Every structure is written in C-alpha cells, then in structure tokens.
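Our numbering numbers the first residue of the sequence shown as 1 and each following residue consecutively.
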Amino acid sequence: MPRPLNLHPDRLLPSDPAVRAVARDLYDSVKGLPIVSPHGHTDPSWFARNDSFGNATELLLVPDHYLFRMLYSQGVRLEDLGIAGHKADPREAWRILAGHYHLFRGTPSRMWLDWVFAEAFGMEVQLSSETSDLYYDTITEKLGTDEFRPRALFDRYGIEVIATTEGPLDTLEHHAAIRESDWNGRVITAYRPDPVVDPEFEGFSANLNRFSEMTGEDCRTWQGYLGAHRQRREFFKTMGATSSDHGHPTAATANLSHAEAALLFDRVKDGKASKEDAELFRGQMLTEMAAMSIDDGLVMQIHPGSFRNHNGWLFENFGRDKGADIPMRTDYVHALKPLLDRFGNSRDLSIILFTLDESVYARELAPLAGHYPVLKLGPSWWFHDSPEGMRRFRHNTTETAGFYNTVGFNDDTRAFLSIPARHDVARRVDCGFLAQLVAEHRIEDWEAAELAQELSYKLVKKAYKL
C-alpha cells in the first residue's frame, strides 16, 4: 500500500520547542519573499520558446546530475535514463528512478523532489515502484497544460530574476528572444569564459579560432585576445549580465607583466600547453578578468576545486556535467595573493568566492573575506548545498566574516523546479540558525528579523547588482 507523502510544516527547524517557535516566526516572515536566482544553469531556451517540458523524465530526471549520479553509483546505466541524447523510453526511465528512490533517503535531493511532488504537482503518496506510473502520468498530464509551461512556473513561484550561465562562444539568441517577447520575466546571462581561458579545455585552440570569428579580433595575439573578451563581456551585459563566473581547477592567480603574459599566451594558444603553463595562464586570466571587472562592473564569481570529469570513460561517452566531478583540497590564502596584491583594496571590484573544501571556511575564507574589501563569501555550494552544509557554513564563517560579507543564497542548478524548493530549504535553515542566536541572547529578536530578510532576499540583490 502506498505511503502518504507529508511535508511537515516545521521541517528543518530546530527541535527545541522554544527555539523552534522563534525560527517559525522568522520563517513565516520570509517564506513568501521573491526568489532571486543569481547563478545557475537553467536552459534559457525554456523561457524563450515556452514549450511544454514534455514529460516527468525530461523535466525532473534528465537535467539533474544529482539524481543520475546516485543511480549510476548503484549500477544503473545512463543510457537507460536517456542521458546525453541516448534514446530511452521516458516511462521506463522514470520507473528506474522510482524503483531506486530509497537511495535518496537523507539527501537534499530527496527533500527537493518531495517538495516538487507535493507542492507543484499535488502528489499525496510517496514515489515508489508501486506509484511510479501514477506519478509519471499525473506529472506528464499537468506538464501539457499552460499552467505548467516555463514562463507560468517562473511567475507562479515568485521568481524575480534568474541568471543562466553561458560561454563566450554562445550567441545568446535565446536571451535575445526573451527580450523581444511580450513576457516580462527577467532572465539574464552570466559570462563564463572557461572554454577560451582554460588551455586544458577540450577544443581550446579551435575555440580561439571561433572567438576570433565572432569578435573580429585576432585571438592569436595577446592584445586581440583580451580585446575579444572585452567585446563579449559588453555584449553579455546587453543581455542583462551582472556577473562573470570562473570554474577553474584551483584558485591560483598570477600577476605577470604585459610582456610575460604575451609570451605565456604564445605558448598556450595552440592547445599544447604544459600543465604548469596551463595553470599559470588560468591564474593570469583571473587577474585579467578582475581588471576588466573594474572597468565594466561585472561581479566575479570563482568556483574552484572540482576535479572535473574524474571518470574518463564517462566523459568520453557522455560528455561534461554527468555527475563525475569530485571535490578537491583547495588553497586560497597563497593562491589569491597575486590578485589581491594588485586589486585587493579596490572599492570598484567584487569577487565572490566559493569552495568545495569545507576545511577552509574558518581557516582561510572567512578571514580573507573579513578583511579584503573586494571579497565576499558565496553560500555552501554543490556537494554542500544541504541543510548540514548550510549550517556548517554559518557556524564556520559568521564569527569571523559576519553575515554582511556573505551574499545570501544561490541555487546553482539545472533542475528548474528545484529552485523554489532549494530556496525554501535555505530560508528554513538560516531562520533556524538565527533563532539559536536569539535563544542564546547573542542577537536581539528584531536583529534576527532584519537578518532573515537580508539572507533571504536583500544581500543577494546587492552582491549581484540586481
């Protein structure tokens, strides 16, 4: 017999009754605030075309590597899920998810999906092999209605703005189409130059040729290459961009002279760089991007510390972003010093730092952001975007960096309907943290009320210039 699906109204709030009461009041004051999604990987074509999402599998399983990486770990073939263009029966793929749904007990994915099932689609029983077809048919039928098209869902969940992430070779045609439509939803882009900044990125040399074609600059020269970046950044700004994003293996930066940088570029431009030159070039380009941000105002985001495509076979057969990226130990104190020596005291630059290495929260990141005017701390990211990860972030950073050197929450997701679910989790966890501070008489209740608004809405708008 199917088990009922119940979302407890006090989920994730503190267990102590007195503290929970404070947290509940705080949460009630922010749960209805608009959603600001300043960084993520949703597909802008969804909002440009406003087509139906198709079926339950296409909406909830195929875009979400949090889900299929867990299934893969238990022996499920990605081909059978329809990943990366492989043909698979979507109903059968959904049955596979349903039959393995127990794997997600205790994970944030389970919380997000249960929220989507209950709040978005009105499901009243838990997902299982027994209820798989009920789920698939109910969700797919609703997705065929106008109320479940991308723009309607955007409006339904009070989303104020979504930032997608595109590379410098993207035409941004979908963003242009959104702007030319009669819909007033705000979908903006962000500039992620990795394909033409990382010499180890697949097709790097060919990407530089394409970069030249798109910009009219000679990207085989250092000056032309930098000019191409400036041009594309300005174009991205016309499509709403307020930030750039940099997904480097490490946080290494460099501060070479113009002549030294030009010689380095000559060594890497053909895609045959040594590992040492590739690392140095990425580091120099973070510093160059910082200089450009001072000129054009784009906020920098640095997302280092992921060993990308750790599973070589999977990368060869399915491509990037298929759940095979693994966190690494990451240094910030020494790695960022060349950039900070040049720009660390600027009032015209803002850099938001993220990490997959939680050991550096208290030792490196909070002290850095608690000192340098250019630095802010991004929220717990990726593998740590979870209730416990969020709590660890607050516990390890607040005493040194405070709240106002952080930037609120961002969801950083490809799974569209998980956005309101993720923001709900963040608001609940932050309200619980604030309630504990009130209970310990470390802040006043009115301060907690102000902070709840800041963490849920105001800080992110300020940090990302939204």
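Backbone N, C-alpha and C fix where the C-beta goes; we use that ideal spot for every residue, glycine too. Values in this document were obtained by computation on a predicted structure and should not be read as measured data.
C-beta contact flag for residue i and residue j at 8 Å
| i | j | result |
| --- | --- | --- |
| S350 | A463 | yes |
| L356 | F315 | no |
| F281 | A273 | yes |
| T406 | L459 | yes |
| D430 | L466 | no |
| G497 | H303 | The displayed coordinates of the chain run from 1 to 466. Any statement about residue 497 would go beyond what the structure contains. |
| Y332 | L365 | yes |
| P168 | R232 | yes |
| T413 | L336 | no |
| F409 | A426 | yes |
| F318 | L33 | no |
| T165 | D245 | yes |
| L286 | D114 | no |
| N184 | P195 | no |
| L143 | F211 | no |
| A262 | W313 | no |
| S471 | V197 | Residue 471 lies beyond the range of the chain shown here (1 to 466); nothing can be said about it. |
| P108 | S386 | yes |
| A415 | D64 | yes |
| V472 | V76 | Here the chain covers residues 1 to 466 and nothing more, so residue 472 does not appear. |
| G224 | E217 | yes |
| E173 | L226 | no |
| N255 | D341 | yes |
| F104 | R110 | yes |
Nearest candidate by alpha-carbon position, reference residue i, set the options
| i | options | result |
| --- | --- | --- |
| W46 | L59, P34, F235, S37 | L59 |
| D348 | R363, E358, Y361, Y372 | Y372 |
| E141 | I294, T57, D155, G82 | T57 |
| D137 | F117, A152, R156, F154 | F117 |
| Y547 | F211, Y135, L451 | There is no way to answer for residue 547, as the model of the chain reaches only from 1 to 466. |
| T242 | F204, M300, E279 | M300 |
| N209 | K269, R392, A262, K275 | K269 |
| D43 | A163, N396, G297, D277 | A163 |
| S73 | R394, D25, N311 | N311 |
| D25 | F104, D295, W446 | W446 |
| M292 | P195, F343, E92 | F343 |
| G158 | M328, L417, E440 | L417 |
| T145 | N55, H8, G297, F393 | N55 |
| K87 | V62, L97, A421, E276 | V62 |
| D133 | E200, E147, A93, V161 | A93 |
| D411 | F204, G378, A18 | G378 |
| G370 | T400, P387, S380 | T400 |
| H41 | I419, E440, L437 | I419 |
| R391 | G432, A421, G402 | G432 |
| E202 | A152, L256, R320, F121 | R320 |
| G99 | F393, P199, F307, T131 | T131 |
| D296 | R49, E450, E279, H229 | H229 |
| I139 | M111, A278, A120 | A120 |
| H175 | G122, A452, R49 | R49 |
| E440 | G106, R308, A18 | A18 |
Rounded distance between the beta-carbons of residue j and residue i, thought under 8 Å
| i | j | result |
| --- | --- | --- |
| R428 | L13 | 6 Å |
| L339 | L375 | Between L375 and L339 the Cβ distance is about 10 Å, and since that is not below 8 Å, they are no contact. |
| H39 | A190 | 7 Å |
| D330 | A362 | As written in the sequence, residue 330 is Thr, which differs from the Asp given in the question. Between A362 and T330 the Cβ distance is about 14 Å, and since that is not below 8 Å, they are no contact. |
| L264 | Q284 | 7 Å |
| R20 | D10 | 6 Å |
| G271 | S205 | 4 Å |
| K346 | I294 | The question names Lys, but residue 346 is Ser in the sequence shown. Confirmed, about 6 Å. |
Beta bridge counterpart(s) of residue i as assigned by DSSP
| i | result |
| --- | --- |
| L353 | I302, L377 |
| A291 | According to DSSP, which records beta bridges pairwise, A291 is partnered with nothing at all. |
| V36 | V161 |
| E166 | Y191 |
| P4 | V125 |
| H371 | In the DSSP output, where bridge partners are listed per residue, H371 has none listed. |
| F307 | I326 |
| T406 | L377 |
| S386 | According to DSSP, S386 bridges with nothing at all. |
| Y246 | According to the sequence displayed, residue 246 carries His and not Tyr. Looking at the DSSP assignment, H246 forms a beta bridge with I302. |
heavy atom of the ligand ADP below 7 Å from residue i C-beta
| i | result |
| --- | --- |
| Y332 | Ligands are entirely absent from the displayed structure, and the ligand ADP is therefore not among its contents. |
Worksheet item: So, do the stretch 64–72 and the stretch 320–335 have three or more beta carbon pairs nearer to each other than 8 Å?
Response: At 8 Å Cβ cutoff, the stretches touch.
Practice prompt. Specify whether the stretch 119–139 and the stretch 27–35 touch according to this definition: at least 3 beta carbon pairs, one from each stretch, less than 8 Å apart.
Written response: The stretch 119–139 vs the stretch 27–35: no contact.
Discussion item. Below 8 Å, how does it come out for the stretch 181–197 and the stretch 235–245: are there three or more Cβ pairs, yes or no?
Written reply: Contact between the stretch 181–197 and the stretch 235–245 is present, because at least three Cβ pairs lie under 8 Å.
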